[in-house]
Amino acid sequence: MQPRSILITGASSGIGRALALTYARHGVFLALIGRDRERLEDIAAAARAQGAEVSLGQLDVRDQEAMARWITAADARHPFDLVIANAGITTGLAPGDLAEEPAAVRAILGINLIGVLNTVEPLLRPMGARGAGQIVFIGSIAGVRGLPYAPAYCATKAAVHAYSESLRGRMEARGVRVSLVIPGFVKTPLNESIETMKPLEISATQAAVLIQRGLKRGRAIIAFPRSLYCLARLSRVLPVRCVDKVMAHFKVIIPKTQERIR
Ligand SMILES: NC(=O)c1ccc[n+]([C@@H]2O[C@H](COP(=O)([O-])OP(=O)(O)OC[C@H]3O[C@@H](n4cnc5c(N)ncnc54)[C@H](OP(=O)(O)O)[C@@H]3O)[C@@H](O)[C@H]2O)c1
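Numbering (the numbering used here) for the sequence shown: 747 to 1008.
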């Protein structure tokens, strides 16, 4: 069934923006969260032009109280049947660096993990009580196996993978579907900040179409590209030191953080 009331975090850019546009049409309510007012207004105008009703939440996903207040109020007006916890940043290490900045590590845990909890927690009981809807987590192939270039990013995504699996076991018994999206390289500002080879990279619009199709089919895992995902899964069963050696050969430069300096 086509969802009619949709919450998307990180809707002001990249995959979240593309998802908002993919779902925007007459009869659809979009609750869009991000921090950048200008980019939020821009996506709102584009979604409204496609016929959707839009409500903007200029919020930091780390703000538990503000998130709960805004999400609960929006859910009371338009009970959500699709919730996509997408907002995220990346952090990493330059070649030769040994340790990530502690502040950057805490910022990414706050956004990529606590921000995800702040998104879904206010809705678990209401959606469970309604016995309907879908909750979607945006993970990453980097969450399947730890990579030496981005320890904290991988840790946040692995945690999101585990959390979504746990939630699936509980929520699906109540009629709420839980899906985990595991993307490879998707061309977005996040991805563009990383210097490395990006095999099988796709556009944000292509990613949104794959996600929408997978969700329509009620898939528990929506992973793309399949070959990269299978390789990541394989790397988990191969001898760990062999995989470490292979990983050490790739040159990857990731910014210390994408978190805004305020
Ligand atoms: N692109 C890839 O190759 C790739 C691959 C695997 C997984 N992913 C995952 O996909 C998700 C979306 O990433 P993207 O590539 O689309 O990145 P992006 O274009 O940089 O967009 C990130 C979004 O997250 C929002 N955001 C960041 N921090 C926030 C905060 N504290 N509070 C509220 N919103 C915040 C940003 O909004 P504001 O700037 O307005 O705050 C923006 O809308 C992330 O979870 C990422 O880890 C991406």
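Beta carbons: idealized from backbone N, C-alpha and C, even for Gly.
The secondary-structure analysis by DSSP pairs Arg923 across a beta bridge with Gln880.
Around the Cβ of Leu765, a 10 Å sphere holds 16 or more other Cβ atoms; the residue is buried. DSSP places Gly762 in the uninterrupted alpha helix (DSSP H) bounded by Gly760 to Tyr769. The residues Gly930 and Leu946, in chain order, have a CB closer than 6 Å to that of Pro971 in the same chain once the five nearest residues on each side in sequence are set aside. A residue is called buried once 16 or more other Cβ atoms fall within 10 Å of its Cβ, and Met917 is buried on that count.
Distance from the C-beta of Ile854 to the nearest heavy atom of ligand 1 is not below 7 Å.
Considering only Phe826, Ala901, Lys997 and Ala792, the residue with the shortest C-alpha distance to Gly834 is Ala901.
Per DSSP, Ala831 is one residue of the beta strand (DSSP E) stretching across Leu828 to Ala831.
Ligand 1 has a heavy atom closer than 7 Å to the beta-carbon of Asn858.
Residues of the same chain with a CB within less than 7 Å of the CB of Ile857, apart from the 5 flanking positions on each side, are Val807, Arg808, Ala833, Gly834 and Ile835 in chain order.
The alpha carbon of Thr865 has as its nearest neighbour, out of Tyr769, Gln952, Ile817 and Arg763, the alpha carbon of Ile817. If you check the CB distance, Ala954 and Val882 do not come in under 8 Å.
A heavy atom of ligand 1 is found nearer than 7 Å to the CB of Thr934. Under DSSP, Gln804 forms a beta bridge with Gly780. Pairing Ile928 with Val890 gives a Cβ-Cβ distance under 8 Å. Only exposed fits Pro935, as fewer than 16 other CB atoms lie within 10 angstroms of its CB.
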